[in-house]
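Have a look at the structure below, then the notes.
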Amino acid sequence: MSASKTTPALKTSANSITEQVRLHSLDTTRGIAVMAILLINIWGFGLPFEAYANPNAYGGIDGWNLTSWFISAVFFEGTARGLFSLLFGAGFILMLNRLEKLGMHGMDIYTRRLGWLLLFGLFHGYILLWTGDILFRYAVMGFLLLAFRSVKPKTLLVLTVLLLLLDVARYQFFTETKMLEVREKATISQTLKDGDTVLTEQQQNNLQAWEEMQKPFDQELVDEDVKGYQGSYSDSFKLSIKWMEAQATYLFNYAIFDILVMFFIGAALMKLGFWQQGFATRSLCLMVLIGYGIGLSARYYYVQAEIASDFDIYSRMAYAEYKNIWRILVTIGHLGVITLFCRSGILMFLQKALGNVGRMALTNYISQTILASIFFYGTFMGNYAKLERVELWYVVAAIWTFNIVFSHVWLKLYYYGPLEWLWRALTYGDLPEMKRS
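Residue numbering for the sequence shown follows our numbering, beginning at 1 and increasing consecutively.
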């Protein structure tokens, strides 16, 4: 997870690739992505899961609480993760190219890299209790990405479009069809009930299924989360097991459409030379215009409709099959803005600070979990479900400050972040030079 600025080669052998010419904008973009992810993850750290999509469930729905949810939902929900995923795909191509130029076995090395990432993800989810872990998902999807390493960039983009169309069709033919079927059965059962007909057990179940589907959120799940994460480590661990098991369902049903498509886009852009000044400023402006003009407009309309309906099931389902397309468009817009910022040469101190965060993306991502766990979970400070939604932003600001300062100080002394060094050492079976002279 790395890539910024030119530094001398430290050590090159069959067992390790050292710090080489880095792509400054790639590191800066990664730093912004890993920090932006926290704006969404903080909901999971500090509030019950049901409050993620429906602010009515917990954390306040008025004033600045609603405003903070609105800003995050329109600009960052899914897009911060999308940007991070896109960069993973780009980094995949970058690393394989460098390995091949050095005459090393790129496939073998990258397979080991993914294997260790998978184990990091399991540790992150089960031991550190972060059920929103993306490392495990990235590792699994990364193994799929290996099969497409030699595919031409235009073909990768065509595959992306086909997968997005399949995602829309999947939603329409399965999710919407199921909802309509449940509603139809419930309508028939309700008609019989209104006519004083004694309902069978199945007909009663039909009514109950529709009632459950219409619930804006499940209060029992809210109470379960609050009790579990305000309790002991054992209580939190038991709850995390349940949510981590849901990862299997996510991987089977959604990961290809959520993660792999972004891997494809990132890999295609790297092959097209996007981070090597391969795109003209006009092209970047077009990315922003299309990404924000269509994607942001659609997301704004969708989120406003949710708020106006008080987050009922119909508003949340309407046009939901297109949400992934809008998410990707906004992500592309973000990428265009960030790349223009990096090329502008302005605020170089900020670009460098963000680049340092990006060079230590794995360390900073895990440190966010550790710091948030200490602050929120009952095992430590016990602030879970005790802050309003807007107050979570103060926690985000504190963790961001730590990420920036820690990355700056650490990289003054060392070539790699601590977890980046460990990941590299495990991958190559070698101990890379760590301390700067």
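For every residue, glycine included, the Cβ atom is placed at its ideal position computed from N, Cα and C. Quick caveat, the model's predicted, so the values are computed rather than measured.
Taking the C-beta atoms as reference points, G417 is found no nearer than 8 Å to H24. Our two residues, L117 and V330, have alpha carbons roughly 28 Å apart in a direct line. When secondary structure is reduced to three states using DSSP, Y319 falls in the coil class, being assigned neither helix nor strand.
DSSP places D312 outside any alpha helix (DSSP H), giving it a letter other than H or E.
Following the DSSP letters along the chain, one finds V34 inside the alpha helix (DSSP H) bounded by residues H24 to G46. Per DSSP, reduced to three states, the secondary structure at Y138 is helical. Taking a C-beta distance under 8 Å as the contact criterion, D235 and G228 qualify as a contact pair.
Inter-residue distance for N206 and F264 is about 42 Å (C-alpha atoms, whole angstroms).
When DSSP states are grouped into helix, strand and coil, K152 belongs to the coil group. Distance from the CA atom of R436 to the CA atom of A33, rounded to whole angstroms, is 27 Å. At the C-beta level, L269 and T339 stay beyond 8 Å of one another. Taking 8 Å as the cut-off, the beta carbon of Q368 is found no closer than this to the beta carbon of L87.
Looking from the CA of W64, the closest CA among G291, R389, L335 and A80 belongs to R389. Each of L251, S150, S68 and Y138 was checked against the Cα of L362, and the nearest Cα belongs to Y138. By the beta-carbon neighbour count (other beta carbons within 10 angstroms, threshold 16), F120 is buried.
With respect to the 8 Å criterion, R359 and D27 are classified as neighbours on the basis of their beta carbons. Y414 sits in a strand when the DSSP states are folded into three classes. Listed in chain order, the non-local C-beta contacts of Y301 below 6 Å within the same chain number zero, local neighbours out to five positions each way being set aside. Beta-bridge pairing by DSSP links K435 to Y414. When DSSP states are grouped into helix, strand and coil, Y254 belongs to the coil group.
Counting of Cβ neighbours within 10 angstroms places I374 among the exposed residues, the total staying below 16. If you check the CB distance, A298 and V140 do not come in under 8 Å. For V390, there is no enclosing alpha helix (DSSP H), since its DSSP letter is neither H nor E.
Per DSSP, reduced to three states, the secondary structure at G345 is coil, with no helix or strand assignment. DSSP places W116 in the uninterrupted alpha helix (DSSP H) bounded by G106 to L122.
For the 8 Å CB-CB criterion, Y377 and L129 form a contact. Of all C-beta pairs linking the region 55-74 to the region 399-418, fewer than three are shorter than 8 Å, placing the two stretches out of contact. Assigned with DSSP and collapsed to three states, V198 falls in coil, not helix or strand.
Cβ contact annotation for G115 (same chain, cutoff 8 Å, sequence separation greater than five): A139, in chain order. Looking at L163, R113, G106 and G132, the one whose alpha-carbon comes closest to that of R149 is G106. Per DSSP, the unbroken alpha helix (DSSP H) holding Q219 starts and ends at Q219 to Y229. A straight-line Cα-Cα distance of about 43 Å links P55 and L96. Straight through space, the alpha carbons of Y58 and Y52 are spaced by roughly 9 Å.
Assignment of Y52 by DSSP, reduced to helix, strand and coil, places it in the coil class. With a cutoff of 8 Å on beta-carbon distance, L221 and P432 are scored as not near each other. For A305, the secondary structure class from DSSP, reduced to helix, strand or coil, is helix.
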